[in-house]
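A.B. asks:
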Amino acid sequence: MVAVLEFAKGHGTRNDFVLVTDADDARPLTDEEVRFLTDRRAGIGGDGILRAVRGRHIPEWDGDPDVWFMDYRNADASIAEMCGNGVRVFARYLVEEGLVPEGTTEIPIGTRAGLRAAALLDDGRVRVWMGRPATADSGTTVQIGDSNWPATNVDVGNPHAVVLLGEGDELAELDLTRAPGWFPLEAFPSGVNVEFVDELAPGHVRMRVFERGVGETDSCGTGTVAVASAVARAHGETDGRWTVEVPGGKVEVDLAQGEAWLTGPAEIVARGSVRLPGEEIDD
Numbered sequence: 006m007v008a009v010l011e012f013a014k015g016h017g018t019r020n021d022f023v024l025v026t027d028a029d030d031a032r033p034l035t036d037e038e039v040r041f042l043t044d045r046r047a048g049i050g051g052d053g054i055l056r057a058v059r060g061r062h063i064p065e066w067d068g069d070p071d072v073w074f075m076d077y078r079n080a081d082a083s084i085a086e087m088c089g090n091g092v093r094v095f096a097r098y099l100v101e102e103g104l105v106p107e108g109t110t111e112i113p114i115g116t117r118a119g120l121r122a123a124a125l126l127d128d129g130r131v132r133v134w135m136g137r138p139a140t141a142d143s144g145t146t147v148q149i150g151d152s153n154w155p156a157t158n159v160d161v162g163n164p165h166a167v168v169l170l171g172e173g174d175e176l177a178e179l180d181l182t183r184a185p186g187w188f189p190l191e192a193f194p195s196g197v198n199v200e201f202v203d204e205l206a207p208g209h210v211r212m213r214v215f216e217r218g219v220g221e222t223d224s225c226g227t228g229t230v231a232v233a234s235a236v237a238r239a240h241g242e243t244d245g246r247w248t249v250e251v252p253g254g255k256v257e258v259d260l261a262q263g264e265a266w267l268t269g270p271a272e273i274v275a276r277g278s279v280r281l282p283g284e285e286i287d288d
């Protein structure tokens, strides 16, 4: 059994990930190992794990068997369908690791939410096609302490509840040290990512997010798409570009004819090796 794991560390607007390559699914990570690797004190630290594996090894994947699949795990080891910042970082990783042909700028990536297409731009950012967000006003209410707000439900391949804050609500004052509640509970039986939004100007918003399986993060890529979609719906708009500020920076979300694109930075900041807990070093 492999005792030492080679890894990279990357982030997109400070939404950070540990990345590993396991093309042939020879070394799936256990839940304990995922939690260890993402631990910010005892491990490497990250909001999640991105494992690069060929699509043929993922039971849920029925597309191109040779596509690079982003096997994404949250910090608590739960599986997530999609991660917008993660896809950008994953695309950067594939290029820097030489896992795609030299000079490649358009990369198909398999996810549990379906195929995504990433484009590496000349300015260093990565633009990702995020599919067709589904937005609905379905009576969901989000609660923090004694305060509650109506939320817009948005599916970006994973579930979101978007709260558009009103006058008198202070985004910076919200307590996101614990998960917000929601009701009815059956609206999100597998949990939900919750975004809180301030509108700064037409086409310009600021948000905070509590991600299921992680906690409050500095950014959530699918969350920024959900926010742009919810704000557009609230204003009776369908197409346009939104600048979305998050604690970790800012991204751009483009909506056109029911589809969405997310553009933002993606960096690989470190590489190394780590001894997994409970492993014996091979001779």
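In my numbering, the protein residues as written are 6 to 288.
We put the beta carbon where it would ideally sit given N, CA and C, even for glycine.
Fair warning: this is a prediction, and the values are worked out from it, not measured in the lab.
1. Is Arg117 helix, strand or coil when you go by DSSP?
2. Would you mind giving the Cβ-Cβ distance between Ala13 and Arg217, rounded to the nearest angstrom? I have them listed as a contact below 8 Å.
3. By the DSSP assignment, the alpha helix (DSSP H) with Phe41 in it spans what residues?
4. Going along the chain, which residues of its own chain have a beta-carbon closer than 7 Å to the beta-carbon of Ser83, five neighbours each way excluded?
5. Assuming Trp134 contacts Arg121 (C-beta within less than 8 Å), just tell me the rounded distance between them.
6. Tell me the rounded alpha-carbon separation between Val68 and Gly173.
7. So is Ala80 buried or exposed if we call it buried at 16+ other beta carbons inside 10 Å?
8. Within 10 angstroms of the Cβ of Pro106, are there 16 or more other Cβ atoms? Answer buried if so, exposed if not.
9. Is DSSP giving Ser143 helix, strand or coil here?
10. Does the segment 247-267 come close enough to the segment 174-190 that 3 or more CB-CB pairs lie under 8 Å?
11. If distances are taken between C-alpha atoms only, which option among Glu38, Glu11, Leu10, Val232 comes closest to Thr140?
12. In the DSSP assignment, the alpha helix (DSSP H) including Glu101 goes from what residue to what residue?
13. Considering only residues of the segment 179-258, which uninterrupted beta strand (DSSP E) runs meet the minimum length of 3 residues and lie entirely inside it, listed in chain order?
14. Please say whether Leu281 and Glu38 have beta carbons closer to each other than 7 Å?
15. Kindly list the residues whose CB is nearer than 7 Å to the CB of Cys88, restricted to its own chain and excluding five residues on each side of it in sequence; keep chain order.
16. Give every residue of the same chain whose Cβ lies closer than 6 Å to the Cβ of Asp244, excluding the five residues on either side of it in the sequence, and list them in chain order.
17. DSSP has Ala57 in a bridge; who is on the other side?
18. Would you report the Cα separation of Ala166 and Thr229, rounded to the nearest angstrom?
19. Exposed or buried, which one is Pro270 when buried takes at least 16 other CB atoms within 10 Å?
20. Would you mind reading off the limits of the beta strand (DSSP E) that contains Trp154?
21. Pop quiz: Phe74 and Gly60 are said to be a contact at Cβ under 8 Å. What is the actual Cβ separation, rounded to whole angstroms?
22. When the distance is taken between beta carbons, is Asn153 closer than 7 Å to Thr146?
23. What would DSSP say about Ala177, mapped onto helix, strand or coil?
24. Counting only the same chain and skipping the five closest in sequence on each side, list residues whose C-beta sits under 6 Å from that of Ala192.
25. Where does the unbroken beta strand (DSSP E) through Leu170 begin, and where does it stop?
C.D. replies: This is what the structure holds:
1. coil
2. About 25 Å; that fails the 8 Å criterion.
3. 36-43
4. Gly218
5. 6 Å
6. Position check: residue 68 holds Gly in this sequence, whereas Val was assumed. Approximately 48 Å, taken between the alpha carbons.
7. buried
8. exposed
9. coil
10. no
11. Val232
12. 89-101
13. 186-188, 198-206, 209-216, 220-222, 245-251
14. yes
15. Gly53, Tyr77, Gly226, Thr227
16. Leu260, Ala261
17. Thr26, Met75
18. 12 Å
19. buried
20. 152-155
21. 4 Å
22. yes
23. helix
24. Thr145
25. Element bounds for Leu170: n/a, residue is neither H nor E.
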